[in-house]
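Residue numbers for the sequence shown, in the numbering used here: 223 to 778. Written out below as structure tokens is the structure these notes cover.
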Amino acid sequence: MQAEASFIIRNARVLTMDDANPRASAVALAGNRILAVGPEAEIDAFSGPDTHVIDAKGGTVLPGFNEAHMHIFGGSAELRELSLAGVKGFDALAKALRDYAAEYPDRALLIAQHADYTVLSDDERVTRHHLDRILPDRAVLIFAPDHHTAWANTLALKGGGILEGRDVGIGNEIVMGDDGLATGELRESNAIRPVSALGETGGREMLGVGTGGDPEHVTDEERAGDIAILKEGLAYVASLGITSLQNMDGSLYQLEMLEEIEKTVGLPVRVRMPFHMKNFMPLSDLETKAAAWRARFDTDRLRSDFVKLFMDGVTESGTAVFVDDYAHQPGWKGEPLFTQEQFDTIAIAADKLGLPVAVHAIGDGAVRMVLNGYEAAIKANGKRDSRNRIEHIEVVHPDDIPRFKELGTVASMQPTHPPGSAGLPLEPYLSYIGEERWPYAFAWRTLVDAGAPIVFATDWPVSPLDPMHSIECAMSRTVWKDGLKDERLSLHETLAAYTRTGAWVEFMEDRKGMLKKGYLADVVVLSADIEATDVTALATVRPVTTICDGRITYQA
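Written out as structure tokens, the structure reads:
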């Protein structure tokens, strides 16, 4: 007797991401698996009295999007905060912050996000004095889009106990003024955390990425509030057609909250999380924590099976690490968060435990150090299918491009990050890296042509999470100067970087990332045919239905 489908999606333009069967017009699902993919006449045979039929109305159907680099707790919390995206000039900033303060009169700390480094003007940086003029009697903290820099007013600096400065460790800085007091600019998480801890969540949403640790004490009420925040964020993720996310916060607190959600109401999206290794942690943590988490969280819906590190910061704050000097600051290359010897030791130890590694590396100097570490692991342990990654790779030195293929290293990159994309300004980034490095910045095509596997993501909440917006940015990117190489990938390469390759880098290519018989029932139905949509309008194509693990997790 032929199996009955729980869902049939018909009248569709199905892009399966399966090279053996790339296109179809219908898909049948049974339980949490794909029953069949093919022409409607074949798929209709699986229809029964309890089958739910979804008419795609000629829209594209894809494997559910795999967001390969994001921060779920921080992004979820920010859904409740002010966005300063697109705000320009002191008057506009003042209005936005004052309106926000009036809306939330009881918040101990007003937190705003996505303030460009040039929010005041192209050549004037925010200080506490600007923010004091706007709101002298409310503590204020505003973040740059990259979340590596923030600006606080005097009241917030006093509340955090850092108005007079503090040692915040390598690669972090409380910028000090000539008067011996903090200017208000805070660079990297150790400098920002004393102020962000004054907020409603106590800064808990940033601990995984900031310290790699967990809150010292959380009340039952606070934990319930944090779970509610996560649920809101997960629902938002599902609404964008995402069925898998790779969360880059290494936090047992987050894992346990996600586990509780899974056991009670069920996660609407599959989650993969790392152990976050910091430069102050003992090497033994890889075995006692990272490997232990892998054993404890090991299902298709919630997994913790890799290690995340930061090698540097970001270019705009001067904390990215370059091979040669910053173009605007001779004598400064940036300071790495790990020495080469430290990182080599970690890479070798993680590899020996069978733990893949993902490292934030923005500048070409940091990228080189990470590649060196992966090479050291191969020399020490022998070559294996490790699927180690480098996150962001904003600049790569030309000598290191072929090493990605040689070492089997994955390029994990973000279409929304190049200056000029997603509303980002060109400056100060282009001046900081210098024109000689432009050909090697955000070099997607160059890396892929050199044999590097590539996955795409947004680094949400650094950039908007919407995959269709990100795909539009990828497809409509323009060069900064005539004569520069067009680094865009084709539409199908871009879709693969958001689906099939995202599953592959998780070692789950045998069961997700494609629409294929027997694979997990993770599907997104879109509102239009994306192949027939102009690249400048791809963001107008919306998810209509998201199905994860055979369950509808979003319906427009």
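C-beta: ideal position from N, C-alpha, C; glycine also.
Legend entry - E613 - partner residues in DSSP beta bridges: H582, S634
Inset, instruction - Return yes when the Cβ of S634 is within less than 9 Å of the Cβ of I600, no when it is not. - result: no
Inset, instruction - Specify, as a first and last residue, the run of the beta strand (DSSP E) that W702 falls within. - result: No beta strand (DSSP E) contains W702, which DSSP labels as neither H nor E.
Inset, instruction - Enumerate in chain order the residues of its own chain whose CB-to-CB distance from P578 is below 6 Å, with the five nearest sequence positions on each side excluded. - result: F528, S608, R609, N610
Legend entry - Cβ neighbour criterion (16 or more within 10 Å) applied to F560: buried
Legend entry - Rounded Cβ spacing between T723 and I676 (contact assumed at less than 8 Å): 7 Å
Inset, instruction - Find out if the Cβ-Cβ distance for the pair E628, A665 is shorter than 9 Å. - result: no
Inset, instruction - Compare the beta carbon distance of I384 and V417 with 9 Å and say whether it is the shorter of the two. - result: yes
Legend entry - Neighbourhood of T349 by C-beta, 6 Å cutoff - its chain only, sequence neighbours within 5 removed: T405, G406
Legend entry - Bridge partner(s) assigned by DSSP for N469: M292
Legend entry - R235 - containing beta strand (DSSP E), residue span: 235–237
Inset, instruction - Can you tell me which of A517, G673, L319 puts its alpha carbon nearest to the alpha carbon of R625? - result: G673
Inset, instruction - In the DSSP assignment, find the unbroken beta strand (DSSP E) run with S526 in it and report its ends. - result: 524–532
Legend entry - Alpha-carbon to alpha-carbon, S343 and F544: 26 Å
Legend entry - Which of helix, strand or coil DSSP assigns to L577: coil
Inset, instruction - Reducing DSSP to helix, strand and coil, say where Y741 ends up. - result: coil
Inset, instruction - Determine the extent of the beta strand (DSSP E) in which Q335 is found, giving its start and end residues. - result: 331–335
Inset, instruction - Would you list, in sequence order, the uninterrupted beta strand (DSSP E) runs of no fewer than 3 residues that lie entirely inside the region 415–484? - result: 464–469
Inset, instruction - If I'm right that W682 touches M292 with Cβ under 8 Å, what's the distance once you round it to whole angstroms? - result: 4 Å
Legend entry - Top-ranked residue by Cα proximity to G381, from L363, V701, N394, A725: L363
Legend entry - Beta-carbon proximity list for A512, same chain, < 6 Å, skipping 5 on both sides: F497, V529, L577
Inset, instruction - Taking 9 Å as the cut-off, decide whether the C-beta atoms of T768 and S539 are in contact. - result: no
Legend entry - Those residues which DSSP pairs with R409 across a bridge: T371, E395
Legend entry - Three-state secondary structure (DSSP) of E346: strand
Inset, instruction - On the DSSP bridge assignment, give the partners of D520 in chain order. - result: R525
Inset, instruction - Could you spell out the range, first to last residue, of the alpha helix (DSSP H) harbouring P689? - result: 689–698
Legend entry - Nonlocal neighbours in the same chain, by C-beta distance under 8 Å from D547, ignoring five residues either side: G553, W554, K555
Inset, instruction - Mind checking which residues open and close the alpha helix (DSSP H) that includes A316? - result: 312–325
Legend entry - Beta-carbon gap between D640 and T340 smaller than 9 Å: For clarity, residue 640 is Pro in the given sequence; the question names Asp instead. Their beta carbons are not under 9 Å apart, which means P640 does not touch T340 by this criterion.
Legend entry - The beta strand (DSSP E) enclosing H274, as first and last residue numbers: 274–277
Legend entry - Residues near M697 by beta carbon distance below 8 Å, same chain, minus five either side: R710, L713, T716, V757, L760
Legend entry - Alpha-carbon to alpha-carbon, G587 and R255: 44 Å
Legend entry - Segments of 4+ residues assigned as alpha helix (DSSP H) that fall wholly inside the region 642–669: 651–655
Inset, instruction - Pull up the distance between the alpha-carbon of L315 and that of L257, whole angstroms please. - result: 53 Å
Inset, instruction - Thinking N243 and A725 are a contact (beta carbons under 8 Å), I'd like their distance in whole angstroms, please. - result: Not confirmed; about 17 Å, so no contact.
Inset, instruction - May I ask you to list the residues that DSSP assigns as paired with N551? - result: A small correction: the amino acid at residue 551 is Gln; Asn does not occupy that position in the sequence shown. Q551 is bridged to Y548.
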